[in-house]
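In my numbering, the protein residues as written are 72 to 1051.
Take a look at the structure:
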């Protein structure tokens, strides 16, 4: 029976149901519970709904709502009767409600678990996906209130609403009676409903970004009257880039007689502009931004790029200002890039938008770039500009986003856009933090399956002003999980650009086998060493000698590309002296024409320039360019030599200290093979067919940079091949999922944050087929002897005090005790060394078969989700951080790779003549632990340590489990934008 307090709780306003959502067309709406204060809004909303829509809702003409209707639709108990509204600009655009019903179809309370649901969407907003978003949210609310099934009655002619229900992906039944279609569907999420939800999320978020990157018209608000200043500069950048749509300059301080600024129409307010404005670039002081946002919202602006500073980066006051900015913009259906943003760029020929502080438009290309930091964004654009053209062809940018404080639009949103953007082939991202690792990992996996995603991940926290849950996982663990998702993780901006250029210009390698050829023996050997250090399989370098001509390079490269034993070719080149030596143009064309004949294999160039000396030598000889040899046609782009800088590029002008340190820290093999001198047998020089696009070959000023980029491409290509067959999560007949759930529920009744006792831990693990070897307490020598007699000799005596647990290196363990005499002597030694038994907490355990000691862990991170970890036991592995990680649930393929991905894995496979251990049994153990934490999110931590893996089988010697109410799974709930 309910108490008055219980009834009061039913009527408390559920603020956690409020959410901002992105609609199908990219606009935003706010979803919130309907309250008694919404009577006027409801009446106004209903008046704007067509008679046809009213008929579909009430099955009869219903021109207006009565006072009784308004009261019923605005007064809810938020348990058995709930109403939600979608709002834009504070006004209703759609409503949904449910009423709990019993088996007789009449109003009921719990434990009844069915409810009738009904929608009404304003005609002007139909087709925007409002009803689909509302269905997701009302279903989540219903599940929270114990409702498991919805029923809806719909007229057959109301095909749009029928489609909303049928397309949602829930398990449903349909019947037809008395001229009405009755739909019944379970609310438990299914694989299909989640797939539908995520597909809608991708389309909506991609379109919301597209509205920002490809606007039909732009207004720059805050254009100064005098030259200079942020607003005036951005206006000039947009104009000079050749933006294709209408451009407007806005400043409330413009005199009445000012009609143009720098050839652009000028206005005092965005409201004065005739026609729509899709994008507003805001460059006014922070205290004036709210007024600007209100004017933009009233005018129907679709999105904002806020360059203004003075927000979360300055402290608590700015943080509150930033949150208010986001709430205000979303209330009008607008999304924001920024504040404190550097801007956005789109090089598409039909857009040509440079709404950023970059003074020059980047070269058009196929690389999408995202940076949270404006300074890093400048560095990325600058390096790509220097490296992207002039050496071996042009590689440029498709779109660029610098998000600043990342208050709204984030890297996740831009990934949604790039996933199916036909103008982007490679994605480069600099992320200072990952606000939602679970979602980013999911999106990254899907994107990486279609196009390369290269990420530099900072170790920073979430941007100021964000209310997202922070991950507790170490930086290295997050990096490992990103790699599992197919992300190419690099450490520096230099490596980001190096990898991006290779992936944008060349095909993925089919394997790790590398051919090295060039005109420098020493550079070839350096490249060989770097290949070995990066895990590649180089063949003996081919030395063409310093007298090699362009034709020699062409023949050697053609021969290497035709070799089935080679997956990639690295060409090394240094400036040569002599009349027969090729100039840059000759060599570039020779390499390109050879590569064009084998487009399925990647080619890279490592070049060393002598700078002034090379240029001086070329000037001193006063010779004209060497005529093409052996039919090799010259081009207009240089590859190596002293003219590269004169041609407009400086690939070695900027060095990244971090990259240099990394390269210096990586050991190189001490054994080198002899160089092979001379080119392969002469073959005819063939040119690329006339009219074909030249093959763009990336060139690097250092061997370690080229090889690191190639190694990342090799690993990514392997991931792509494996991603086509990801494996499956196995089913085990001996798993007792229900029994485990019952035990967990009983344990949690004792309280939250429960550390499970040894007996319950063994019982819970046994339900999943995991046996833990029992250890008997030994508080006295006699108790130890009795325990050993019960278990049988030989035994181990262990101290389990926290400071000695799992620390065999401290001497708190005695093994292979064959009889009672040895046991009592070991007991006396331990108590003499470490103190009385009360402090040591000794236990006796039967000896396990000899093998390799390992550790298996699983934790639930509130942001990233469940993570399974594996490593060898011992201080050395802990000190080196030699632990591998995978997201749960783990497939058979992932379990196999998890075992093999630690650096000490050779110890499991017979290193230096040792006996290989039973890795299939180890993989099965990993899969069972993965199933346990996936099936029961209340299991927030599991540690099996040590797990002794023997030649046949394994033994779990100790285990701990921690239970707690599971953290909320935001990836299983309805679509929402981050809350502020």
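Note that beta-carbon positions come from the ideal geometry of N, C-alpha and C, so glycine has one too. For clarity, every value in this text was computed on a predicted model and none was experimentally measured.
Residue 954: member of the beta strand (DSSP E) spanning 954-958, first to last residue. Counting along the chain, residue 246 sits inside the beta strand (DSSP E) bounded by residues 243-248. Membership of residue 368 in any beta strand (DSSP E) is not indicated; the residue belongs instead to the alpha helix (DSSP H) covering 360-370. Rounded to whole angstroms, the gap between the alpha carbons of residue 812 and residue 1007 is 7 Å. With a beta-carbon spacing of about 4 Å, residue 448 and residue 473 fall inside the 8 Å limit used to define contacts.
If you keep only unbroken beta strand (DSSP E) runs of at least 3 residues inside the stretch 244-297, you get 251-257 and 289-292. Taking a cut-off of 8 Å on C-beta distances, the stretch 956-973 touches the stretch 930-943, as three or more cross pairs fall below it.
For residue 147, there is no enclosing alpha helix (DSSP H), as DSSP marks it with neither H nor E. In this structure, residue 423 and residue 312 form a Cβ contact; the two beta carbons are roughly 5 Å apart against a cut-off of 8 Å.
Judged by DSSP secondary structure, residue 869 falls outside any alpha helix (DSSP H) and instead within the beta strand (DSSP E) spanning 866-870. Distance between residue 1044 and residue 207, taken at the CA atoms: about 8 Å. Contact between the stretch 368-380 and the stretch 339-348 is present, with at least three C-beta pairs closer than 8 Å.
Classified as exposed, residue 251 has fewer than 16 neighbouring CB atoms from the shown chains inside 10 Å of its CB. Sequence-distant partners of residue 444 (beyond 5 residues in either direction) whose C-beta falls short of 7 Å from its own C-beta, in its chain, are 501 and 503. In terms of Cβ geometry, residue 782 and residue 605 form a close pair [threshold 8 Å]. In terms of Cβ geometry, residue 1011 and residue 1003 do not form a close pair [threshold 8 Å]. Of 581, 200, 627 and 202, the smallest CA-CA separation from residue 607 is found for 581. If you look at residue 232, you'll find it in the alpha helix (DSSP H) that goes 230-237. Here DSSP, grouped into helix, strand and coil, assigns residue 438 to strand.
With respect to the C-alpha of residue 255, the residue from 404, 241, 265 and 261 having the closest C-alpha is 241. Residue pairing by DSSP puts residue 319 in a beta bridge opposite 290 and 336. Runs of alpha helix (DSSP H) with 4 or more residues, each lying fully within the stretch 893-975, are found at 908-911, 946-951 and 963-971, listed in chain order. Secondary structure at residue 500: strand, using DSSP grouped into helix, strand and coil. A Cβ-Cβ distance of about 16 Å is found for the pair residue 1020 and residue 954, leaving them out of contact under the 8 Å criterion. The stretch 911-919 and the stretch 828-845 touch, with no fewer than 3 CB-CB distances between them shorter than 8 Å. Checking the DSSP bridge columns, you'll see residue 154 partnered with 168.
Annotated as distal: residue 295 and residue 287, with beta-carbon spacing of 8 Å or more. Cβ contact annotation for residue 578 (same chain, cutoff 8 Å, sequence separation greater than five): 670, 671, 672 and 673, in chain order. Taking a cut-off of 8 Å for Cβ pairs, the stretch 612-629 and the stretch 787-801 do not touch, as fewer than three such pairs fall below it. By the CB criterion at 8 Å, residue 590 and residue 611 fall outside the cutoff. Residue pairing for residue 586: DSSP places it in a beta bridge opposite 640. The C-alpha of residue 524 is placed about 36 Å away from the C-alpha of residue 319. 563 is the residue among 563, 509 and 554 whose C-alpha sits nearest the C-alpha of residue 529.
In the three-state DSSP reduction, residue 185 falls in the strand class (E or B). Residue environment analysis places residue 87 among the exposed positions, since fewer than 16 neighbouring C-beta atoms fall within 10 angstroms of its C-beta.
Its chain contains 870, 871, 872, 875, 883, 901, 902 and 905 as the residues whose beta carbon lies nearer than 8 Å to that of residue 911, once the 5 sequence neighbours on both sides are disregarded; these appear in chain order.
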